[in-house]
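Engineer: What follows is a single structure, and I will ask about it in a moment.
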Amino acid sequence: MLHQDKNVVDGVDLTPAANDDEHFDRAAELKLFDDTKAGVKGLVDSGITQIPRIFYRPPDASESPAPGDIELSIPVIDLEGIDIDSSKRRDVVYKVREASEKWGFFQLVNHGVPVSVLDEMKNGTLRFYEQDTELKKQFYTRHNTKSIVYNSNFDLFTAPAANWRDTFLCFMAPNLPNPQDLPEICRDILFEYSKEMKKLGIMLFELLSEALGLNTNYLSDIECDRGLAVLCHYYPACPQPELTLGTTEHADNDFLTVLLQDDQIGVLQVLHQKKWVDVPPIPGALVVNIGDLLQLISNDRFKSVEHRVLSNREGPRVSIASFFGIGVYPTSQVYGPIKELLSELNPAKYSETTLKDFYFYHNNRGLNGTSALQHYRLGVDDEGNG
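If you read the sequence shown in this note's numbering, its first letter stands for residue 370, the second for the next number, and so on.
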């Protein structure tokens, strides 16, 4: 391995070996990086000019990610007045149904979450990552059941390539964590933001229930909104963005995700009709997407679609994703296609699963570019063969 001071992080040399496959030991490089507990931010702080090879996209994905299709845009839905105007609510339900069936994504405006809370959540995320590395290290772990899980790439040792991203994850419901277990630097806003997300989640599951033709409380009654995990992502500026991604293409392993993205740097893309479409930031808006579990229980009525995050020479960028339905809490609830949606012409397409089994199956396989739903689709193997 070449030695260059700028690629040394906490005494560990992370300089990429220049196209030397014979001497590149990926497993060893991954361990060296993980052992620093400094994440991708640690690499950037060290002043690197070349990214380590563990971040290189696989050879079959070597083509540089292109800008998204500018002629397409995901739907924007305005929630103002839906609780007092029945005609407005019917219009919103129609738009939610159409977006969930055709796109799997939509943006929300006038959603009721104060802008001050959104801004402070982004600021709190920045404060966490920009504090001294030694203070952050106490939270660094690969045990996914702790109150807070901070690391770089949850699937570092299983994914084909590491992503240019650090993340901390807090499980905020159904059981609130002990405040002392959370970082003091962003503790208060984590609780306040989670409270707002729970309120918004209840409203969204009501709209989604109605969009499926079900009772307003149906999805809440089967506890789709019970679990809440808040993932706070940090995407540092990347010196070679053409070689890596901020987040590999994937679909989410939950029922529903509500994303607060950076107001300035728009690098989120959604796959729609085999085209990547940019999701431009709208100040004050929230991005909502259907997760795999909601596609499963809706029997493919609603679509969980692939999305990705590009790396960028600008940064840092932060985003906060609220996942409804993450299944590490004890529950005996079993989920399969909703019986009220099935018929002779629309038989069940998926086998049943528990949240815990689905969560661990998804996490153990990592972000490899293929859908976890294939594993549960009746009559189809993991390779997608019928």
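In this text, a Cβ means the ideal position worked out from N, Cα and C, and glycines have one as well.
On the DSSP letters alone, give me the boundaries of the beta strand (DSSP E) that Gln-638 sits inside.
Structural biologist: Element bounds for Gln-638: 637–641.
Engineer: Tell me, please, whether the region 515–529 touches the region 398–413 by the rule of three or more beta-carbon pairs shorter than 8 Å.
Structural biologist: Yes, since at least three Cβ pairs between the region 515–529 and the region 398–413 fall closer than 8 Å, the two stretches touch.
Engineer: According to DSSP, Asp-501 sits in a beta bridge with which residue or residues?
Structural biologist: The partner list for Asp-501 (beta bridge, DSSP) is empty, contrary to what the question assumes.
Engineer: Just the Cα atoms here: how many angstroms apart are Glu-467 and Gln-630?
Structural biologist: The straight-line gap from Cα to Cα measures roughly 23 Å.
Engineer: Apart from the five residues just before and just after Asp-535, which ones in its own chain have a Cβ nearer than 7 Å to its Cβ?
Structural biologist: Same-chain partners within the cutoff: Gly-408, Val-409, Lys-410, Tyr-498, Ser-521 and Tyr-603.
Engineer: Are the CB atoms of Thr-617 and Asn-532 within a distance shorter than 9 Å?
Structural biologist: In this structure, Thr-617 lies closer than 9 Å to Asn-532 by Cβ.
Engineer: Which residue comes first and which comes last in the alpha helix (DSSP H) that contains Asp-414?
Structural biologist: Unbroken alpha helix (DSSP H) run through Asp-414: 408–414.
Engineer: Would a C-beta distance cut-off of 9 Å place Met-541 and Leu-487 closer than the cut-off?
Structural biologist: Not in contact: Met-541 and Leu-487 (Cβ atoms no closer than 9 Å).
Engineer: Let's test the definition: count the other Cβ atoms within 10 Å of the Cβ of Gln-638 and tell me whether it reaches 16, buried, or not, exposed.
Structural biologist: Buried.
Engineer: Look at Leu-573 and Val-599 and say whether their C-beta atoms are less than 9 Å apart.
Structural biologist: Taking 9 Å as the Cβ cut-off, Leu-573 and Val-599 do not qualify as a contacting pair.
Engineer: I need the DSSP call for Asp-750, collapsed to helix, strand or coil.
Structural biologist: Residue placement at Asp-750 is flagged as unreliable, the pLDDT there being 49, under the threshold of 50; a coordinate-derived value is accordingly withheld.
Engineer: Our contact map puts Pro-436 next to Lys-464 with C-beta atoms below 8 Å; I'd like the distance itself, whole angstroms only.
Structural biologist: Actually they do not touch by this definition, with Cβ atoms about 27 Å apart.
Engineer: Going by CA-CA distance only, name the one from Cys-601, Gly-582 and Ser-578 that's closest to Ile-591.
Structural biologist: The candidate whose alpha carbon is nearest that of Ile-591 is Ser-578.
Engineer: On the DSSP letters alone, give me the boundaries of the alpha helix (DSSP H) that Leu-625 sits inside.
Structural biologist: Taken as a continuous stretch (DSSP letters only), Leu-625 belongs to no alpha helix (DSSP H), being part of the beta strand (DSSP E) at 625–630.
Engineer: Is the distance from the Cβ of Glu-709 to the Cβ of Leu-628 below 9 Å?
Structural biologist: Their beta carbons are not under 9 Å apart, which means Glu-709 does not touch Leu-628 by this criterion.
Engineer: Taking only three categories from DSSP, how would you classify Ala-741?
Structural biologist: DSSP places Ala-741 in helix when its eight states are reduced to three.
Engineer: In whole angstroms, give me the CA-to-CA distance for Phe-727 and Asn-622.
Structural biologist: Their Cα atoms are separated by approximately 7 Å.
Engineer: Should Val-656 and Gln-507 be called a contact, given that it needs their Cβ atoms to be closer than 9 Å?
Structural biologist: No, the Cβ-Cβ distance between Val-656 and Gln-507 is not below 9 Å.
Engineer: Our contact map puts Val-478 next to Gly-653 with C-beta atoms below 8 Å; I'd like the distance itself, whole angstroms only.
Structural biologist: Val-478 to Gly-653, Cβ: 7 Å. Contact.
Engineer: Between Phe-424 and Leu-612, which are expected to be in contact by the criterion C-beta below 8 Å, what is the C-beta distance as a whole number of angstroms?
Structural biologist: About 7 Å; that satisfies the 8 Å criterion.
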